[in-house]
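Remarks on the structure that follows.
Number of protein chains: 2
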Amino acid sequence: MLSKAQNKYIRSLTHQKYRKLHNSFIVEGDKIVREWLNEKAAIQMVIALQDWADQHNDLISRHPETPLYIVKESELESLSALQTPNQVMLVVDIPAPQPVSANGWSIALDNIQDPGNMGTIIRIADWFGIKNIACSPDCVDVYNPKVVQSAMGGHLRVNTIKVDLNEFISGAQVPVLAATLDGENIYTLPKLNPGILIIGNESHGVSENLMKKASHKITVPRIGGAESLNAAVSTGIICALLLKQC
Amino acid sequence: MLSKAQNKYIRSLTHQKYRKLHNSFIVEGDKIVREWLNEKAAIQMVIALQDWADQHNDLISRHPETPLYIVKESELESLSALQTPNQVMLVVDIPAPQPVSANGWSIALDNIQDPGNMGTIIRIADWFGIKNIACSPDCVDVYNPKVVQSAMGGHLRVNTIKVDLNEFISGAQVPVLAATLDGENIYTLPKLNPGILIIGNESHGVSENLMKKASHKITVPRIGGAESLNAAVSTGIICALLLKQC
């Protein structure tokens with residue numbers, strides 16, 4: 000059984016302030032939790048319904064030093080940050096950010112606000128084997144429960160760092176691409192060495208000072224009437240086209 | 000001022016049952032509302048804060064027969080189906096579905112459940128000039144407020160029909176592509192005439208009976224570790240690659 004203090008601790012992790020204070024975050028839901036338990040992640044607690052725990056004994060036993068708490072459905076609901084019902088949640092250590100390697104493409108996110116977009120972009124990076132995402136300090140927290148949910152385990156394989164993007168880009172000796180509505184046609188871009196792809200804020204795009212530093216401004220050409228593409232969808236299309244070239 | 004009955008009517012439109020009964024839906028938020036007012040859409044009511052109405056007199060006056068109701072912020076909040084604050088909403092007639100033209104690509108959605116995905120796919124179709132989306136009867140309603148929000152005006156230019164996809168595909172004399180995790184590499188697909196792209200359910204993919212009828216099973220090749228791509232992101236990538244070829 001969870002103590003009152005543990006209850007309070009877990010619920011506090013829906014807020015960024017407390018995630019930072021405790022260097023911990025929550026992973027929720029059957030599918031994502033199974034991914035985490037499969038890895039050597041630093042898991043503090045497993046909180047599960049009896050049925051789920053019974054069915055996943057093998058996975059839980061991979062983490063013999065992690066305490067398992069069996070809770071009732073109502074208790075799990077009160078702890079959850081999500082609206083959808085789930086059967087299990089984990090409290091996990093936030094991993095230390097790794098230095099960004101110079102190999103392969105990186106994504107730089109400039110003030111991405113929507114947790115669904117952030118999570119989906121982490122999932123896209125994970126799909127395309129992109130190892131690093133640099134986030135400007137004003138991006139939504141990558142350990143926000145909705146981000147973790149949309150990333151579908153991407154946090155396990157994609158390194159995210161919070162960094163001043165001006166500095167991040169200034170040191171780069173690689174192509175720096177900025178996604179915009181009036182750039183070069185991405186379809187006819189010459190083959191490039193791997194570099195950095197900057198994706199901008201959902202409403203305002205890539206900020207002006209970063210845009211100036213980009214070596215290529217690129218666009219997915221519009222055929223129809225929409226004013227813009229969703230930030231995560233743009234990221235997916237551009238990654239698919241860039242990585243095809245490599 | 001809105002009457003009690005009008006209040007009740009507007010609020011009822013957050014439910015699919017009443018949208019169907021009244022053949023009406025809600026469009027919310029400054030940016031999307033401006034798009035709708037710019038078009039010759041059949042608008043039943045404009046409900047706005049005084050400030051917004053003052054600033055957008057020109058747009059409102061394009062619809063001289065549509066009544067304008069000025070409300071207070073608290074009243075607008077109580078009518079809204081969205082969590083984010085907004086300044087204006089419309090009640091709009093659901094347009095009659097148009098017959099699907101044989102020209103150009105169409106998208107067929109098989110049991111897409113997430114409103115965000117549905118709206119984003121309509122927005123993608125709108126971006127790429129894809130005029131028609133066929134939805135299986137078990138898809139989320141395209142007039143759900145969250146779908147309308149994510150589609151960012153796409154409803155104005157993309158025709159959506161609800162139809163048995165087996166029938167829709169059976170009659171087609173065009174390539175029928177199904178997105179899957181183990182199909183042909185989309186990058187090396189030969190150039191195709193425009194046809195139908197089937198996108199499947201978020202968890203289960205394209206259903207087996209539709210898969211059998213597809214002329215091409217296609218995949219965006221995975222490089223990294225993610226188990227799958229988000230349905231809307233896949234749609235975006237595949238559309239970008241297919242329309243590049245044409």
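If you read the protein sequences in the order shown, they are chains A and B.
Heads up: the first sequence begins at 0 in numbering that gives the first Met the number 0, then just goes up one per residue.
Heads up: the second sequence begins at 0 in numbering that gives the first Met the number 0, then just goes up one per residue.
All C-beta atoms, glycine included, are put in the ideal place defined by N, C-alpha and C.
Quantities reported herein were computed from a predicted structural model and do not represent experimental measurements.
{"query": "For Tyr142(B), which residues in the same chain have their Cβ closer than 7 Å to its Cβ, ignoring the five residues on either side in sequence?", "result": "Arg18, Phe24, Ile93"}
{"query": "Please decide whether Arg122(B) counts as near chain A, where near means a Cβ-Cβ distance under 8 Å.", "result": "yes"}
{"query": "Per DSSP, which residues does Tyr68(A) bridge with? Please list them.", "result": "Ile46(A)"}
{"query": "Tell me which residue opens and which closes the beta strand (DSSP E) that Gly250(A) is part of.", "result": "Absent from the structure is residue 250(A), since the part of chain A shown begins at 0 and ends at 245."}
{"query": "Bridge partners for Glu74(B) per DSSP, in chain order?", "result": "Note: Glu74(B) sits in no beta bridge, so no partner."}
{"query": "Which first and last residues belong to the beta strand (DSSP E) in which Ala95(A) is found?", "result": "That residue, Ala95(A), is in no beta strand (DSSP E); it is neither H nor E in DSSP."}
{"query": "Let me know if Glu261(A) comes out buried or exposed under the rule of 16 or more other beta-carbons within 10 Å of its beta-carbon.", "result": "Outside the modelled stretch of chain A, which goes from 0 to 245, sits residue 261(A), for which no answer is possible."}
{"query": "Should Gly28(A) be flagged as near chain B, meaning a C-beta pair shorter than 8 Å?", "result": "no"}
{"query": "Out of curiosity, what's the CA-to-CA distance linking Val90(A) and Gln49(A)?", "result": "18 Å"}
{"query": "By alpha-carbon positions, which one of Val32(B), Gln172(B), Tyr186(B) ends up nearest to Trp104(B)?", "result": "Gln172(B)"}
{"query": "Within the same chain, show all residues whose beta-carbon is closer than 7 Å to that of Asn200(B), passing over the 5 residues directly before and after it, in chain order.", "result": "Asp109, Asn110, Ile111, Gln112"}
{"query": "Is there a Cβ from chain B that is less than 8 Å from the Cβ of Thr119(A)?", "result": "yes"}
{"query": "Ala230(A): which of Phe167(A), Ser60(A), Leu81(A), Ile120(A) sits nearest, CA to CA?", "result": "Ile120(A)"}
{"query": "Quick one: what does DSSP say Glu201(A) is sitting in, helix, strand or coil?", "result": "coil"}
{"query": "Quick check on DSSP: helix, strand or coil for Ala231(A)?", "result": "helix"}
{"query": "With a threshold of 8 Å between beta-carbons, can Trp126(B) be considered close to chain A, or not?", "result": "yes"}
{"query": "Whole angstroms are fine: how far does the CA of Ser2(A) sit from the CA of Ser233(A)?", "result": "45 Å"}
{"query": "Quick check: what's the CA-CA separation for Cys245(A) versus Pro96(A)?", "result": "Annotation note: pLDDT 40 at Cys245(A) (below 50); position unreliable, no value reported."}
{"query": "Using a 10 Å radius around the Cβ and a threshold of 16 neighbouring Cβ atoms, would you call Met151(B) buried or exposed?", "result": "buried"}
{"query": "Just to make sure I have the definition right: I need the residues of chain B whose C-beta is within less than 9 Å of the C-beta of Glu166(A). Which are they?", "result": "Near Glu166(A) there are no residues of chain B at all, since even the closest Cβ is about 27 Å away, more than 9 Å."}
{"query": "Tell me whether Leu75(A) is buried or exposed, calling it buried when 16 or more other Cβ atoms sit within 10 Å of its Cβ.", "result": "buried"}
{"query": "Measure the CB-CB distance between Tyr68(A) and Lys243(B) and report whether it falls below 8 Å.", "result": "no"}
{"query": "Can the beta-carbon of Ile129(A) be found closer than 8 Å to that of Ile106(A)?", "result": "yes"}
{"query": "By Cβ distance, which residues of its chain are closer than 6 Å to Pro114(A), with the 5 residues on each side in sequence left out?", "result": "Val139, Asn143, Lys145, Val146"}
{"query": "For a contact defined as C-beta to C-beta under 7 Å, what are the partners of Asn229(A) on chain C?", "result": "Among the protein chains in the structure shown, which are A and B, there is no chain C."}
{"query": "Which one or two residues does DSSP pair with Val90(A) in a beta bridge?", "result": "Ile25(A), Met44(A)"}
{"query": "Mind checking whether Leu196(A) and Ile168(A) have CB atoms under 8 Å apart?", "result": "no"}
{"query": "Should Leu78(B) be flagged as near chain A, meaning a C-beta pair shorter than 8 Å?", "result": "no"}
{"query": "Under DSSP, the alpha helix (DSSP H) around Lys247(B) begins and ends at which residues?", "result": "Nothing in the structure corresponds to residue 247(B), since chain B is present only between 0 and 245."}
{"query": "Take Ala101(A) as the anchor and find which of Ser73(A), Ile132(A), Ser79(A) has the nearest alpha-carbon.", "result": "Ile132(A)"}
{"query": "Could you check whether the Cβ of Leu242(B) sits closer than 8 Å to any Cβ belonging to chain A?", "result": "yes"}
{"query": "Quick one: give me the first and last residue of the alpha helix (DSSP H) that Ile217(B) is part of.", "result": "Ile217(B) -> not in any alpha helix (DSSP H); beta strand (DSSP E) instead, spanning 215-218."}
{"query": "In whole angstroms, what separates the C-alpha of Leu20(B) from that of Ile42(B)?", "result": "17 Å"}
{"query": "So with CB distances below 7 Å, who are the chain B contacts of Val236(A)?", "result": "For clarity, residue 236(A) is Ile in the given sequence; the question names Val instead. Neighbours of Ile236(A) on chain B, chain order: Gly235, Ile236, Ala239."}
{"query": "Give, in chain order, every residue of the stretch 209-229 of chain A whose Cβ lies closer than 8 Å to some Cβ of chain B.", "result": "Val219, Arg221, Ile222, Gly223, Gly224, Ala225, Glu226, Ser227, Leu228, Asn229"}
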